[in-house]
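Data first, discussion second: the structure below is written as structure tokens.
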Amino acid sequence: MSTATSIGSMPGAEDGDYAEAVRLLLGELPDLPHVPELPGRGVTAAMTGRGLAVVDGLAADLQPAGWRLTDASGVDHRRARSLLAQDLDVVEEQAQDYAGAFKTQVTGPWTLAATVEKPRGDKVLSDHGARRELAQALAEGIGTHLADLRRRLRGVDRWVVQVDEPALAAVVAGQVPTASGFGRHRRVHPPEASAHLEWVVAAITDAGGEAWVHSCAPQTPWSLVAGTGVAGISADLDMLGPSDLDTFAEVLESGRTAALGVVPSTDPASVPSDARVTERVQRWLDMLGLDPEVVERLVITPSCGLAGAGREWATQAVRLSATVARNL
Numbered sequence: 000m001s002t003a004t005s006i007g008s009m010p011g012a013e014d015g016d017y018a019e020a021v022r023l024l025l026g027e028l029p030d031l032p033h034v035p036e037l038p039g040r041g042v043t044a045a046m047t048g049r050g051l052a053v054v055d056g057l058a059a060d061l062q063p064a065g066w067r068l069t070d071a072s073g074v075d076h077r078r079a080r081s082l083l084a085q086d087l088d089v090v091e092e093q094a095q096d097y098a099g100a101f102k103t104q105v106t107g108p109w110t111l112a113a114t115v116e117k118p119r120g121d122k123v124l125s126d127h128g129a130r131r132e133l134a135q136a137l138a139e140g141i142g143t144h145l146a147d148l149r150r151r152l153r154g155v156d157r158w159v160v161q162v163d164e165p166a167l168a169a170v171v172a173g174q175v176p177t178a179s180g181f182g183r184h185r186r187v188h189p190p191e192a193s194a195h196l197e198w199v200v201a202a203i204t205d206a207g208g209e210a211w212v213h214s215c216a217p218q219t220p221w222s223l224v225a226g227t228g229v230a231g232i233s234a235d236l237d238m239l240g241p242s243d244l245d246t247f248a249e250v251l252e253s254g255r256t257a258a259l260g261v262v263p264s265t266d267p268a269s270v271p272s273d274a275r276v277t278e279r280v281q282r283w284l285d286m287l288g289l290d291p292e293v294v295e296r297l298v299i300t301p302s303c304g305l306a307g308a309g310r311e312w313a314t315q316a317v318r319l320s321a322t323v324a325r326n327l
């Protein structure tokens, strides 16, 4: 049986848009709604700011060049944490009577390391000790975050925590720019890349959650991700290459989850029919050598970037994903 969910980000730039997004997801994704993210509200609501709001034991501030670790939390870091708490208040109010599975998203350790600076400049990625400390602080914070969600939504019997790693491909390929922009940080070797993800996955599992890793970047090392103990992997179908087929087939055959972004995230020139999208997924499963009738943990989603869509299309994309899941 297939289910549907969404990646995380939704359109909206005003505080009032958040409650509307929660209502939409609860109404259209009854099997797996999620805590929405509205990055259109500014840097404190965007991916890195949201991730730092979850990190435990480290302080940060917003500099002209972006987020930077500091000795004490600056006003923007405090705002990011406050905004997350306010958003969870809205989710708690709207989903008070909800029972079933629910998903939340956190920024992964490598994406944070590639987007946050050390106290004296340049990315955390450039320092072995700093990136290890950031990953461990994130793992610690996720446990606290998940405990807070459990307290707020007592009817949820299955928590999925999606770890967003759009920068992972660039990290392992040595493609993350240095602060000057003229160079690139050294590539992170697979054993270290895997270890940091394993800490986060283990923290989610220890807290009673189900860990998925999501990336919308091409050339993401999915075989490495699948070996970290994750319960699921999530990607846009358009971003998967021939070498990724075996990994996704193995994940599905082992009873783990594969979430597939197949619905356009921004307003398309022509709206695809649910039959057309369903057929595309069936062809992909056929390439994997899998029978749609026996695949139990396939999840259908819109592709990345729903925050850039108009509200009408965002609603339609979520609805279309749910329809395709039912068709399958």
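160 is the number that numbering that gives the first Met the number 0 gives to position 161 of the sequence shown; each next residue is one higher, with no gaps. All C-beta atoms in this analysis are idealised placements derived from N, C-alpha and C, irrespective of residue type, glycine included.
Spatial neighbours of residue i in its chain, beta-carbon cut-off 6 Å, leaving aside the 5 residues before and after
i, result
"A129", "K117, V123"
"H195", "P108, A134"
"P10", "A306, A308, R310, A313"
"V90", "V21, V34"
"V155", "F101"
"M46", "T106"
"A216", "P165, A168"
"V262", "P301, A316, L319, S320"
Where the beta strand (DSSP E) containing residue i begins and where it ends
i, result
"R282", "Counting along the chain, R282 falls outside any beta strand (DSSP E), though it belongs to the alpha helix (DSSP H) covering 273-287."
"D328", "Shown here, the chain extends from 0 to 327; a query on residue 328 therefore has no answer."
"H76", "Careful: H76 lies outside any beta strand (DSSP E), inside the alpha helix (DSSP H) at 74-93."
"F101", "99-106"
"A258", "256-262"
"A234", "231-235"
Contacts around residue i, its chain only, beta-carbon distance under 7 Å, and the 5 residues preceding and following it disregarded
i, result
"G173", "R183, H184, R185, R186"
"L83", "R49, A52"
"Q281", "P291"
"N326", "D273, T277"
Buried or exposed (CB count within 10 angstroms, at least 16 for buried), residue i
i, result
"T322", "buried"
"G26", "exposed"
"G7", "buried"
"G252", "This sequence places Glu at residue 252; Gly is not what is there. By the 10 Å Cβ count, E252 comes out exposed."
"E164", "buried"
"F101", "buried"
"G240", "exposed"
"A316", "buried"
"T43", "buried"
"T143", "exposed"
"H188", "exposed"
"H328", "Shown here, the chain extends from 0 to 327; a query on residue 328 therefore has no answer."
"F181", "exposed"
"Q85", "exposed"
"E92", "exposed"
"A12", "exposed"
"S179", "exposed"
"H127", "exposed"
"R157", "exposed"
Simplified DSSP state of residue i, which is helix, strand or coil
i, result
"L196", "helix"
"Q62", "strand"
"H144", "helix"
"R325", "helix"
"I6", "coil"
"H213", "strand"
"E36", "strand"
"R186", "coil"
"R119", "coil"
"P176", "strand"
"T43", "coil"
"L68", "strand"
"E139", "helix"
"A129", "helix"
"A306", "helix"
"E311", "helix"
"P291", "coil"
"D96", "coil"
"A166", "coil"
"L329", "Look at the range of the chain in this structure, 0 to 327, and you will see that residue 329 is not part of it."
"D205", "helix"
"S320", "helix"
"L152", "coil"
"L57", "coil"
Segment limits, alpha helix (DSSP H) that includes residue i
i, result
"G50", "46-53"
"P301", "Not the alpha helix (DSSP H): P301 falls in the beta strand (DSSP E), residues 297-301."
"D14", "14-27"
"S269", "No alpha helix (DSSP H) contains S269, which DSSP labels as neither H nor E."
"D245", "244-252"
"V224", "221-225"
Spatial neighbours of residue i in its chain, beta-carbon cut-off 8 Å, leaving aside the 5 residues before and after
i, result
"A201", "A138, G228"
"R318", "E27"
beta-carbon residue i near the ligand COA non-hydrogen atom, thresh 7 Å
i, result
"D243", "Questions concerning the ligand COA fall outside what the structure shown contains, since it holds no ligand whatsoever."
Check whether the region 63-75 and the region 144-152 are in contact - that is, three or more C-beta pairs closer than 8 Å.
no
Touch check for the region 266-281 and the region 200-208: three-plus C-beta pairs under 8 Å?
no
Spell out a yes or no on whether the region 281-290 and the region 247-266 are touching, meaning 3 or more CB-CB pairs, one atom from each, closer than 8 Å.
yes
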